[in-house]
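Following the working numbering, the numbering of the sequence shown begins with 25 at its first residue and continues without gaps.
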Amino acid sequence: MKLNKRIASILRISACVTGVVCVTGVTGCVSPVYEQAAVKPGTSYTAGVGIHSYSFSAYDAYIYAVGVRGDGSLHRGFNSWLEGSARAGIGGGIEVYDHRLIPFLDAGLGLKLAPPLRYVHPAIRIDGGFLNYTPTLSSSLLLGIEGRNQTEVVTLGVRSYLLPMWHKGTGLSYPYTDAFAGFHLPKGRTLFVGVNVGILVNEIEMMKLVQDYDPNPIFTVGFGWEFGPQNQGGHSEEN
């Protein structure tokens, strides 16, 4: 028999005590990254749509929803090293236990630093914003790999969250690391795949402990477009 919402919530709280990674009280989603790691001077934009899952705790209930999201972002490269950005994602999903529609909002500001190298493009990015009602602060390490006639063919990344999140029942807890990849196609198109690694490990462990456990992974799969200097071929080494 499938576990109902309240039993699943109790199991996730109990995981804190038994040593399994605790996800209750953590507001979670994987924000898509449709742009490249490399920085170019000028203004560029991205827009994308995707399927995703997200979770958060509201009072004594654990909410896990699967749905769709639309994202847009504005990027300004001040030079070949430094870029500022603003992003917003909006959507909704169906809560898997009681089938309610749960709205979703993910927005923030970012700053990215990337040395103008050839062939590989490492970068670090800091983002601050909010996810539904919860403030967020994260750092991302990016690595872009250059392709023939493309600045990048793939951008790999990991994102760590720097702010704890508060939940009435479990107190402060930290979200876990996201891992993601953006596969850049011609004409500025990008396929994005990302998953929250810590929550995925937790759900695998819970499946081992509990028969008929419903896993709740946090993931995003999306397709986006980039407009502006970022999707032109070659990488400039000018400052």
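Yeah, the Cβ is synthetic: ideal placement off N, Cα and C, and Gly gets one too. For clarity, every value in this text was computed on a predicted model and none was experimentally measured.
Reducing DSSP to helix, strand and coil, say where residue 120 ends up.
As a working note, residue 120 is residue 96 in the sequence shown. Residue 120 falls in the coil class under three-state DSSP.
Leaving out five residues on either side along the sequence, give the residues of the same chain with a beta carbon under 6 Å from the beta carbon of residue 164.
The sequence position of residue 164 within the sequence shown is 140, counting from 1. Result list for residue 164: 149, 181 and 183, in chain order.
Would you kindly check if the distance between the Cβ of residue 132 and the Cβ of residue 153 is under 7 Å?
Locating residue 153 in the sequence shown gives position 129, counting from the first residue. Locating residue 132 in the sequence shown gives position 108, counting from the first residue. Yes, Cβ-Cβ distance for residue 153 and residue 132 is below 7 Å.
What first and last residue would you give for the beta strand (DSSP E) that runs through residue 150?
Against the sequence shown, residue 150 aligns to sequence position 126. Its beta strand (DSSP E) spans residues 144 to 155.
Using the rule of at least 16 other Cβ atoms within 10 Å of the residue's Cβ for burial, across every protein chain shown, is residue 248 buried or exposed?
Residue 248 sits at position 224 when you count from the first residue of the sequence shown. When all chains shown are included, residue 248 counts as buried.
Pairing CB atoms from the stretch 134 to 150 with CB atoms from the stretch 67 to 78, are three or more of them under 8 Å?
Cβ pair count under 8 Å is below three, so no.
Identify which residue in 136, 57 and 89 has its Cα closest to the Cα of residue 120.
As a first step, residue 120 is located in the sequence shown; it is residue number 96 there, counting from the start. Checking every option, the nearest Cα to that of residue 120 belongs to 89.
With 16 other CB atoms within 10 Å as the buried threshold, where does residue 230 fall?
Along the sequence shown, one-based indexing puts residue 230 at 206. So residue 230 counts as buried.
Helix, strand or coil for residue 103, going by three-state DSSP, please let me know.
To locate residue 103, count along the sequence shown from 1; it is residue 79. If DSSP states are grouped into helix, strand and coil, residue 103 belongs with coil.
To the nearest angstrom, how far is it from the Cα of residue 208 to the Cα of residue 130?
For this step, residue 208 is matched to residue 184 along the sequence shown. For this step, residue 130 is matched to residue 106 along the sequence shown. Near 23 Å, if we compare the C-alpha coordinates of residue 130 and residue 208.
Check for me: the beta strand (DSSP E) holding residue 169 runs from which residue to which?
For the purposes of this step, residue 169 is identified with residue 145 of the sequence shown, where counting begins at 1. First-last of the beta strand (DSSP E) with residue 169: 158 to 171.
Suppose the cutoff is 8 Å on Cβ atoms and the five residues either side in sequence are ignored; what does the same chain contact list for residue 177 look like?
Counted from its first residue, the sequence shown places residue 177 at position 153. So the list reads 169, 170, 171, 207 and 208, once near-sequence residues are dropped.
Could you check if residue 56 is buried or exposed, using at least 16 other CB atoms within 10 Å of its CB as the buried criterion?
Indexing the sequence shown from 1 puts residue 56 at position 32. Its Cβ being crowded by 16 or more others within 10 Å, residue 56 is buried.
Based on DSSP bridge pairs, tell me the residues matched to residue 68.
Reading the sequence shown from its first residue, position 44 is the one you call residue 68. For residue 68, which the question treats as bridged, DSSP gives the partners 99.
Closer than 6 Å by C-beta to residue 77: which residues in its own chain qualify, once you throw out the five before and the five after it? Chain order, please.
Indexing the sequence shown from 1 puts residue 77 at position 53. For residue 77, where only same-chain residues beyond five positions count, the Cβ hits under 6 Å are 90, 242 and 243.
Spell out the partners DSSP gives residue 220 in its beta bridges.
Here residue 220 is taken as the residue at index 196 of the sequence shown, counted from 1. Residue 220 pairs with 202.
Strictly by DSSP, which residues pair up with residue 178?
Position 154 of the sequence shown holds residue 178. Residue 178 is bridged to 169 and 207.
In terms of alpha-carbon separation, which member of 75, 201 and 59 lies closest to residue 225?
Along the sequence shown, one-based indexing puts residue 225 at 201. Taking only the C-alpha atoms, the option nearest residue 225 is 201.
In the structure shown, what three-state DSSP assignment does residue 186 receive?
Here the question's residue 186 lines up with position 162 in the sequence shown. Note: residue 186 maps to coil in three-state DSSP.
May I ask which residues mark the beginning and end of the beta strand (DSSP E) holding residue 134?
Here residue 134 refers to the residue found at position 110 when the sequence shown is read from its first residue. Counting along the chain, the beta strand (DSSP E) containing residue 134 begins and ends at 125 to 137.
Just verifying my parser: in three-state terms, what is the DSSP assignment at residue 59?
On the sequence shown, residue 59 is found 35 positions in, with the first residue counted as 1. In this structure, residue 59 counts as coil in the three-state DSSP scheme.
Quick check on residue 250: buried or exposed, where buried means 16 or more other Cβ atoms within 10 Å of its Cβ?
Counting from 1 along the sequence shown, the entry for residue 250 is found at position 226. When all chains shown are included, residue 250 counts as buried.
On a CA-only basis, which of 174, 52, 122 and 54 is nearest residue 61? Give me that one, please.
Within the sequence shown, numbered from 1, the residue matching residue 61 stands at position 37. Ranking 174, 52, 122 and 54 by Cα distance to residue 61 puts 174 first.
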